[in-house]
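K.L.:
Heads up: the protein sequence lines correspond to chains A and B, in order.
Everything in the first sequence is counted per my numbering, starting at 1 for the first residue and increasing by one.
Everything in the second sequence is counted per my numbering, starting at 1 for the first residue and increasing by one.
For glycine and all other residues, C-beta sits at the position ideal for the given N, C-alpha and C.
2 protein chains.
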Amino acid sequence: MTTDSPLSSTVDRSESLRHQIYNDLRDKLRHGRIGPDDRLIDVKIAKSLGISRMPVREALLQLISEGHLVGTTRGFAVPQLTPQDIRDIFEVRKLLEPRAAASAARDLDAAGIAMLGQALERAVAAVEAGDGEELVAANIVFRRTWLDANRNRRLAETIARFADQAHIVRQQTLMEPHTQVIVRDGLVGLHDAFSRRDGLAAQDRMAAFIGEAEKSYFRGIDNAAADPQTHQEGSGR
Amino acid sequence: MTTDSPLSSTVDRSESLRHQIYNDLRDKLRHGRIGPDDRLIDVKIAKSLGISRMPVREALLQLISEGHLVGTTRGFAVPQLTPQDIRDIFEVRKLLEPRAAASAARDLDAAGIAMLGQALERAVAAVEAGDGEELVAANIVFRRTWLDANRNRRLAETIARFADQAHIVRQQTLMEPHTQVIVRDGLVGLHDAFSRRDGLAAQDRMAAFIGEAEKSYFRGIDNAAADPQTHQEGSGR
DNA sequence: CCCGTCAATTCAGTATACAGATTTCGCCTT
DNA sequence: AAGGCGAAATCTGTATACTGAATTGACGGG
């Protein structure tokens with residue numbers, strides 16, 4: 001109120017402050033604009049928005065309870081996931097997403113399929129241009145679209161939660177051309193299955209897609225371990 | 001501090017107040033000691049514990065974000081789940097729990113299996129006595145035990161979340177002798193699979209168990225609809 | 001130059017206070 | 001007595017203040 005917020009473009013659409021801040025932070029996390037080295041301090045965020053600590057604190061606590069942040073004695077931060085954490089997350093995703101994809105294939109309407117097509121085009125162009133950030137953005141739109149087609153909101157939200165967590169650590173790998181091609185091909189296959197309303201194909205391809213994502217992540221890890229100096233690349237905002 | 005808490009036996013084990021209250025409420029919800037007609041008012045709970053609103057409020061907000069409560073304009077309450085909600089919850093459970101059961105069968109240690117045996121005995125005795133509350137309690141211990149054997153904490157916690165939500169609405173059905181027998185037989189089968197460390201059997205039986213639970217719930221619903229006067233039975237404390 | 005100690009700082013957790021919205025309940029009208 | 005109007009009560013959301021614990025950094029001894 002006193003200053004225009006540096007945290008977001010415009011935070012002001014008649015919802016509780018807590019929700020606005022939650023959504024804002026959630027979005028920043030999704031797009032990798034907050035890295036593991038950043039420290040989120042409720043007082044600072046509040047001051048930068050010209051509001052009090054409490055709504056910010058409550059939003060941060062919710063993000064913690066959802067696994068998107070961890071609370072330290074010195075500020076809130078993005079968790080440093082271990083390889084085991086990643087494996088655990090992928091295990092859950094492998095159980096949920098194929099099924100949800102099959103549901104989506106059945107329930108997607110024309111508008112949804114059109115949006116999938118647009119997201120796919122963006123992704124293809126991004127890979128062409130080697131633009132990792134754009135690929136991430138297109139990926140997010142694509143996923144959100146087929147998830148939104150699911151009538152089972154609990155299932156969709158649970159998937160979104162875990163997918164976002166995995167996504168954060170994959171940002172790095174999505175910069176590599178090899179991985180980008182794999183992602184593109186996966187999206188092409190999924191889009192094909194969705195647009196044909198082929199639930200079985202969607203299920204199988206989603207399972208394969210997730211498997212590939214996991215594999216490419218751990219390949220990236222190994223490379224980084226064998227070749228440590230390539231492992232820099234800003235984690236911060 | 002000023003008064004001994006009516007909320008719990010002893011809330012005082014060197015953790016943040018927010019966690020203590022969260023755990024306390026979570027437990028009450030699990031055991032059905034808070035029904036859909038109760039209104040949870042942060043100010044009142046805080047006063048009864050001799051503390052301030054904020055820790056209580058934060059615990060309630062977390063329970064909302066996990067789906068265990070809903071916020072109204074007049075206090076927090078247990079959600080009234082529709083049949084579709086229940087189907088959605090069971091859909092997720094059917095995807096996750098068989099796999100987790102297989103993991104547990106592999107990883108359970110002797111102590112865990114012993115605890116499963118005890119819980120099973122309690123359940124059998126409860127069914128014998130027609131003691132619904134005791135069956136609920138034994139059920140909770142049984143589930144918690146095999147879930148705790150899972151190394152994938154995210155998977156275990158997600159399951160616990162959904163299972164608890166389903167459990168709340170099933171409290172009613174667990175009073176019926178017919179359902180009690182089904183539950184008992186299911187637990188016997190699961191215990192057998194776990195104690196033999198037979199992952200495949202655990203997986204299959206868990207799938208069957210959940211299917212039975214869903215079926216018996218909807219059978220109960222139909223009966224209640226056809227026969228409304230039997231549908232009373234305290235929901236609140 | 002390194003290590004330990006102690007003070008200043010920083011931040012989460014908790015407490016208390018205030019504001020706005022909604023509901024409840026009593027009173028008045030008809 | 002039924003219905004509507006309005007004041008009081010109630011409860012969430014937000015703001016501000018306080019406290020204690022943990023970290024940082026400076027100072028002094030080895």
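Which class does B/G130 belong to by DSSP, given the choice of helix, strand or coil?
P.N.:
As a first step, residue 130 of chain B must be located in the second sequence, where it is residue number 130. The answer is coil: DSSP assigns B/G130 none of H, G, I, E or B.
K.L.:
Evaluate the contact criterion for the stretch 137 to 156 of chain A versus the stretch 70 to 88 of chain A: three or more CB pairs, one atom per stretch, below 8 Å.
P.N.:
At 8 Å Cβ cutoff, the stretches do not touch.
K.L.:
I want to see whether chain A comes within less than 8 Å of B/V127, judged by CB atoms only; does it?
P.N.:
The residue you call residue 127 of chain B lines up with position 127 of the second sequence. By this cut-off, B/V127 is not an interface position.
K.L.:
Expressed to the nearest angstrom, what Euclidean distance is found between the alpha-carbon atoms of A/N150 and A/D198?
P.N.:
For the purposes of this step, residue 150 of chain A is identified with residue 150 of the first sequence, where counting begins at 1. For the purposes of this step, residue 198 of chain A is identified with residue 198 of the first sequence, where counting begins at 1. Approximately 15 Å, taken between the alpha carbons.
K.L.:
Go through its chain and collect everything with a Cβ distance to B/M115's Cβ below 6 Å, but skip five positions before and after it.
P.N.:
Position 115 of the second sequence, counting from 1, holds the residue named residue 115 of chain B. Answer for B/M115: T145, listed in chain order.
K.L.:
Near B/L200, which residues of its chain fall below 8 Å by C-beta distance, leaving aside the five closest residues on each side in sequence?
P.N.:
The residue given as residue 200 of chain B occupies position 200 in the second sequence. Within the same chain, B/L200 has close Cβ partners A102.
K.L.:
Any Cβ of chain B within less than 8 Å of the Cβ of A/I51?
P.N.:
Position 51 of the first sequence, counted from the start, is the residue given in the question as residue 51 of chain A. Not one chain B Cβ lies under 8 Å of A/I51.
K.L.:
Is B/D27 buried or exposed, if buried means 16 or more other CB atoms sit within 10 Å of its CB?
P.N.:
Indexing the second sequence from 1 puts residue 27 of chain B at position 27. Exposed.
K.L.:
Which stretch, first to last residue, makes up the beta strand (DSSP E) that contains B/A77?
P.N.:
Here residue 77 of chain B refers to the residue found at position 77 when the second sequence is read from its first residue. Where B/A77 is concerned, the enclosing beta strand (DSSP E) stretches over G75 to A77.
K.L.:
Measuring CB atoms only, is the stretch 173 to 185 of chain A touching the stretch 106 to 113 of chain A, in the sense that at least three cross pairs come out at less than 8 Å?
P.N.:
They do not touch, by the three-pair rule.
K.L.:
Please report how far the alpha carbon of B/D37 lies from the alpha carbon of A/A207, in whole angstroms.
P.N.:
The residue given as residue 37 of chain B occupies position 37 in the second sequence. The residue given as residue 207 of chain A occupies position 207 in the first sequence. Those two C-alpha atoms are separated by around 43 Å.
K.L.:
Got a sec, what are the start and stop residues for the beta strand (DSSP E) B/G35 sits in?
P.N.:
For the purposes of this step, residue 35 of chain B is taken as residue 35 along the second sequence, with counting starting at 1. Segment: none, B/G35 is in no beta strand (DSSP E) and carries neither H nor E.
K.L.:
Any C-beta of chain A within less than 7 Å: which residues of the stretch 99 to 114 of chain B qualify?
P.N.:
Listed in sequence order: R99.
K.L.:
With 16 as the cutoff for other CB atoms within 10 Å, does B/E128 come out buried or exposed?
P.N.:
What you label residue 128 of chain B is simply residue 128 of the second sequence in a count that begins at 1. When all chains shown are included, B/E128 counts as exposed.
K.L.:
What are the start and end residues of the beta strand (DSSP E) that includes A/G71?
P.N.:
On the first sequence, residue 71 of chain A is found 71 positions in, with the first residue counted as 1. Run containing A/G71: V70 to T72, per the beta strand (DSSP E) assignment.
K.L.:
Any Cβ of chain A within less than 8 Å of the Cβ of B/N23?
P.N.:
For this step, residue 23 of chain B is matched to residue 23 along the second sequence. No, because no Cβ of chain A sits closer than 8 Å to the Cβ of B/N23.
K.L.:
By how many angstroms is the C-alpha of B/Y217 removed from the C-alpha of B/A119?
P.N.:
Position 119 of the second sequence, counting from 1, holds the residue named residue 119 of chain B. Position 217 of the second sequence, counting from 1, holds the residue named residue 217 of chain B. Approximately 22 Å, taken between the alpha carbons.
K.L.:
Would you mind sorting B/V181 into buried or exposed? The rule is 16 or more other CB atoms within 10 Å of its CB.
P.N.:
As a working note, residue 181 of chain B is residue 181 in the second sequence. B/V181 comes out exposed.
K.L.:
If I measure Cβ to Cβ from A/L40 and keep anything under 8 Å in the same chain, skipping five residues before and after, which residues do I get?
P.N.:
Looking up residue 40 of chain A in the first sequence gives position 40. The residues are L25, I34, L60, L69, G75, F76 and A77.
K.L.:
Confirm, please, whether the CB-CB distance from B/R205 to B/G220 is below 8 Å.
P.N.:
To locate residue 220 of chain B, count along the second sequence from 1; it is residue 220. To locate residue 205 of chain B, count along the second sequence from 1; it is residue 205. Not in contact: B/G220 and B/R205 (Cβ atoms no closer than 8 Å).
K.L.:
Go to A/Q180, then tell me how far its alpha helix (DSSP H) extends in each direction, as first and last residue.
P.N.:
For the purposes of this step, residue 180 of chain A is taken as residue 180 along the first sequence, with counting starting at 1. First-last of the alpha helix (DSSP H) with A/Q180: P177 to S195.
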